[in-house]
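**Q** Quick note: the sequence shown uses this note's numbering, first residue 40, plus one each step.
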Amino acid sequence: MSARAGRERARGARIPRTTKNLRMRRGEQKRTRTTRSRMLGSPPSALDKPPAPRAFMAPAMPKKPGSLLTLSMIVKDEAATIARTLASAKPFVDRWVVLDTGSTDGTQEVVRRAMEGVPGELFEEPFVDFATTRNRALDLAGEATTFVLWLDADDEIENGKALRAFLERERAAEGPEREAYYVRVALGIQFDSPRIVRSAAGWRFRGVVHEVLMHDDRPPPSVRVPDVRIRHDRGEVSAERSKKRWERDVGLLERALAEDPTNARAAFYLAETLLWLGRFQEAEAAFSRRIAMGGWAEEIFESKMGIARCGVGQNLPWPRVLSRWLDAHLAAPHRAEPLYAIALHHDTRKEHALTYLYARRGDELPLPVEDRLFVDEEVYTWKMADLVASSAYFLGAFDVGEAAARKATKARPNDARLQQNLAFYVDRRRKPSR
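1. With threonine 394 as the anchor, note down where its alpha helix (DSSP H) starts and where it stops.
2. Look at the Cβ atom of phenylalanine 437, then the Cβ atom of tyrosine 464, and state whether they are nearer than 8 Å.
3. By alpha-carbon positions, which one of Ala153, Asp410, Ala306 and Val136 ends up nearest to glutamate 164?
4. Just how far apart, CA to CA, sit proline 405 and alanine 431?
5. Based on the DSSP output, what are the partners of valine 360 in its beta bridges?
6. Contact defined as beta carbons within less than 8 Å: I believe leucine 383 pairs with leucine 426. What is the distance between those atoms, to the nearest angstrom?
7. If we ignore side chains and look at the alpha-carbon of each, how far apart do methionine 132 and aspartate 299 end up?
8. With DSSP run on the structure shown, which of helix, strand or coil describes proline 405?
9. In angstroms with no decimal places, state the Cα-to-Cα distance between glutamate 148 and alanine 122.
10. Compute every distance between the C-beta of leucine 252 and the non-hydrogen atoms of the ligand GTP, then say whether any falls below 7 Å.
11. By alpha-carbon positions, which one of Ala380, Gly352 and His373 ends up nearest to tryptophan 364?
12. My output table needs one value for threonine 109: the three-state DSSP class, helix, strand or coil.
13. Using the DSSP secondary-structure output, state which residues sit across from leucine 316 in a beta bridge.
14. Tell me the DSSP bridge mates of methionine 484?
15. Do tryptophan 335 and threonine 312 have their C-beta atoms within less than 8 Å of each other?
16. Buried or exposed, going by whether 16 or more other CB atoms sit within 10 Å of the CB of lysine 446?
17. In the DSSP output, which residue or residues are listed as bridge partners for tyrosine 221?
18. Could you check what DSSP says for phenylalanine 413 in three-state terms: helix, strand or coil?
19. Of the choices Lys282, Gly333 and Arg304, whose alpha-carbon is the least far from that of leucine 314?
20. Here's the rule: buried if 16 or more other CB atoms are within 10 angstroms of the residue's CB, otherwise exposed. What is serine 362?
21. Report the rounded CA-to-CA distance for histidine 254 versus leucine 355, giving the unit in angstroms.
22. Can you tell me whether DSSP reads glutamate 280 as helix, strand or coil?
23. For glycine 145, name the three-state secondary structure that DSSP assigns.
24. Please say whether proline 265 and glycine 199 have beta carbons closer to each other than 8 Å?
25. Does asparagine 453 pass the burial test, meaning 16 or more other C-beta atoms within 10 Å, or should it be called exposed?
26. Nearest-angstrom Cα distance between leucine 202 and glutamate 195?
27. Whose C-alpha, out of Trp421, Ala392, Val414 and Asp415, is nearest the C-alpha of aspartate 402?
28. Apart from the five residues just before and just after tryptophan 357, which ones in its own chain have a Cβ nearer than 8 Å to its Cβ?
29. Grab me the residues of serine 342's own chain with a C-beta within less than 6 Å of its C-beta, minus the 5 sequence neighbours each way, in chain order.
30. So does the region 239-249 actually touch the region 213-222, counting three or more Cβ pairs closer than 8 Å?
31. Work out the CA separation of leucine 206 and threonine 184 for me, nearest whole Å.
32. With contact counted as at least three CB pairs below 8 Å, one residue from each stretch, are the region 110-119 and the region 174-194 in contact?
33. Mind checking whether arginine 245 and alanine 170 have CB atoms under 8 Å apart?
34. When the distance is taken between beta carbons, is alanine 370 closer than 8 Å to phenylalanine 340?
35. CB alanine 444 to CB alanine 428, shorter than 8 Å?
36. Looking at valine 247 and alanine 295, is the spacing between their C-beta atoms short of 8 Å?
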């Protein structure tokens, strides 16, 4: 065994697993084929019994000179959404590898049709946990291209041309900071997610839930791909499935913490998951535990935000909730989200002076472009300005209000309500004074 292979085995890079390639029927005969240009196949019901587990072997796909990017995905029952995801990536990738973990809704056929014309392979294996299965997908992707990009089935790449241009520039770059890259993900809030890695650099996922990309001999990723965004869409079907997944994740995260009580990431995401499930008292205790661990300031800030949200969820008296929001703001004075929550509370009660007090301060804060975790970009681009505009009018602060209204409408030019608010200011200014 080579030294490299030994290191990979020690990291769990190579795991025995059964791989079932899709099958197709020609006449009366079935033939198994791993397709290079596309994967032809019948639905899972037509699959033969898989062979006995065998050691992992990389896909036998030729390495073409100049191949830049492989798309890697793990999927299950994503027929309703995955075509949109694949369409956003198809023009910008050189090949694809999709690992299906047990779809029964025809996802396999959707993938085959959507990626026709692009070299790729579809594999089917049982789900283990997110880190293990994502690492398996990385192994299957191999080193046929310089980079690997992974997407979820609810994602869409925005500005794929910029992504490809960036990777072309980075192809010959060297150094540990040029091995893994963040991409900005938008799902209402914004956060950085490591979605691109050099295929030969040895990065691996760790963590049974909310897995993180790591390397034993490297610092965390530090470079964000500019001008590129992954848009994540949470539809109604996705939300229902997410709730079921969160229930499962609670158990996985609790076991991870039992094995390693110092695992701050598991502690944070256990608290977040309990909050998403509406288990507010448990979530509050879990957030407090995470804060006590110390560490990454952005997780501490978000944990304090979580405690405030738990207070809202439990209908605690406003003075107690207000104290929690202010505590979060003190933890990160450059972040406007706590001030927005306070201003919005007063706005719903038509308490214009208090709305203006908090919204005006929040609107002065710039978008924290260097922060990586859960940034609500819309708070900075228009939501806070909207509250300034709506409250300033009642206080007679017309110049401030009009400037805020213009900022909001610039960010959302098709929003009729925001346009109407601006019109109030413009009409007032045009009327002759008496």
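Every residue gets a Cβ at the ideal spot worked out from N, C-alpha and C, and that includes glycine. These numbers come from a predicted model, not from an experiment.
**A** Taking the coordinates as given:
1. From DSSP, the alpha helix (DSSP H) with threonine 394 extends over 391-402.
2. Going by C-beta atoms, phenylalanine 437 is nearer than 8 Å to tyrosine 464.
3. Nearest in C-alpha terms to glutamate 164, of all of Ala153, Asp410, Ala306 and Val136, is Val136.
4. A straight-line Cα-Cα distance of about 20 Å links proline 405 and alanine 431.
5. DSSP links valine 360 through a beta bridge to no other residue.
6. Between leucine 426 and leucine 383 the Cβ distance is about 7 Å, and since that is below 8 Å, they are a contact.
7. Checking the sequence shown, residue 132 turns out to be valine, not methionine. Cα-Cα distance, rounded: 39 Å.
8. DSSP places proline 405 in coil when its eight states are reduced to three.
9. Distance between the alpha carbons of glutamate 148 and alanine 122 is about 10 Å.
10. Questions concerning the ligand GTP fall outside what the structure shown contains, since it holds no ligand whatsoever.
11. When only C-alpha atoms are compared, the closest one is Ala380.
12. Here threonine 109 sits in strand by DSSP.
13. Looking at the DSSP assignment, leucine 316 forms no beta bridge with any residue, so it has no partner.
14. Only positions 40 to 473 of the chain appear in the structure, and residue 484 is not among them; the question remains open.
15. No, the pair does not count as a contact, with Cβ atoms beyond the cut-off.
16. By the neighbour-count rule (16 or more Cβ atoms within 10 Å), lysine 446 is buried.
17. Here tyrosine 221 is bridged, per DSSP, to Pro233 and Arg263.
18. Phenylalanine 413 falls in the coil class under three-state DSSP.
19. If we check each option's Cα against that of leucine 314, Lys282 comes out closest.
20. Flag for serine 362 reads exposed.
21. About 43 Å.
22. The amino acid occupying residue 280 in the given sequence is arginine; glutamate does not appear at that position. In the structure shown, arginine 280 falls within a helical segment according to DSSP collapsed to helix, strand and coil.
23. In the three-state reduction of the DSSP assignment, glycine 145 falls in the coil class, being assigned neither a helical nor a strand state.
24. Not in contact: glycine 199 and proline 265 (Cβ atoms no closer than 8 Å).
25. Around the beta carbon of asparagine 453, fewer than 16 other beta carbons lie within 10 angstroms, which makes this residue exposed.
26. Looking at the two C-alpha atoms, the distance is approximately 13 Å.
27. Nearest to aspartate 402 by C-alpha distance, out of Trp421, Ala392, Val414 and Asp415, is Trp421.
28. Counting only residues of its own chain and dropping the five nearest sequence neighbours on each side, tryptophan 357 has a CB closer than 8 Å to the CB of His384.
29. Same-chain partners within the cutoff: Phe326, Arg329 and Ile330.
30. Verdict: yes, contact present.
31. So the two alpha carbons sit approximately 11 Å from each other.
32. Taking 8 Å as the limit for Cβ pairs, the verdict is that the region 174-194 does touch the region 110-119.
33. The answer is yes: Cβ separation under 8 Å.
34. In this structure, phenylalanine 340 places its C-beta atom within 8 Å of the C-beta atom of alanine 370.
35. Yes, these two residues count as a Cβ contact at 8 Å.
36. Less than 8 Å divides the Cβ of alanine 295 from the Cβ of valine 247.
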